[in-house]
């Protein structure tokens with residue numbers, strides 16, 4: 345048994361949690377690419393200078409390959425680093441951090457895209473019966 349995520353869980357269950365969190369990270373990373381490529385096509389700017397250069401030279405497909413390479417390296421590191429170097433629990437927390445940060449980036453991309461496509465007026469994209477507090 346390993347102590348993980350605040351309670352005792354078996355190594356097998358913790359490994360399943362790691363795989364699930366890495367799956368979530370890959371999904372939000374795909375959403376990151378999709379929202380980034382859409383925002384860039386709408387006149388937005390990439391904040392990462394390396395990704396911006398890749399996008400300028402190779403377009404959305406190049407950006408996808410770049411982001412897939414980065415995500416692949418992170419996933420491989422979290423799965424393949426020997427457990428004497430990084431415990432399974434630390435790998436789960438690291439994967440959760442990557443997934444959370446990437447999800448926040450997606451929200452930022454959606455916010456930027458919303459501003460790019462309709463001048464930033466939320467009332468243009470929400471139904472008329474939605475009220476702001």
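Numbering (the working numbering), first residue to last: 345 to 477. All C-beta atoms in this analysis are idealised placements derived from N, C-alpha and C, irrespective of residue type, glycine included.
Compare the C-alpha of residue i against each of the options and name the closest.
| i | options | result |
| --- | --- | --- |
| residue 394 | 369, 406, 463, 445 | 406 |
| residue 357 | 432, 446, 419, 459 | 432 |
| residue 446 | 458, 427, 385, 367 | 367 |
| residue 383 | 457, 462, 463 | 457 |
| residue 412 | 378, 441, 362 | 378 |
| residue 437 | 365, 462, 354 | 365 |
| residue 439 | 414, 398, 428, 418 | 418 |
Buried or exposed, going by whether 16 or more other CB atoms sit within 10 Å of the CB of residue i?
| i | result |
| --- | --- |
| residue 453 | buried |
| residue 373 | buried |
| residue 451 | exposed |
| residue 402 | exposed |
| residue 362 | buried |
| residue 443 | buried |
| residue 398 | buried |
Roughly how many angstroms separate the alpha carbons of residue i and residue j, rounded to a whole number?
| i | j | result |
| --- | --- | --- |
| residue 420 | residue 460 | 35 Å |
| residue 426 | residue 388 | 40 Å |
| residue 404 | residue 381 | 6 Å |
| residue 422 | residue 391 | 26 Å |
| residue 434 | residue 385 | 38 Å |
| residue 441 | residue 400 | 29 Å |
| residue 416 | residue 355 | 23 Å |
What does a CB cutoff of less than 7 Å around residue i pick up in its chain, not counting 5 residues either side in sequence?
| i | result |
| --- | --- |
| residue 449 | 376 |
Near residue i, what residues of its chain come up, given a Cβ to Cβ distance below 8 Å and the 5 sequence neighbours on each side ignored?
| i | result |
| --- | --- |
| residue 359 | 432 |
| residue 370 | 415, 419 |
Skipping 5 residues on each side, what residues in its chain have a beta carbon closer than 6 Å to that of residue i?
| i | result |
| --- | --- |
| residue 396 | 390 |
For the ligand FAD, is there a heavy atom less than 6 Å away from the beta-carbon of residue i?
| i | result |
| --- | --- |
| residue 371 | Inclusion of the ligand FAD in the displayed structure is not the case, the ligand content being empty and no account of it being possible. |
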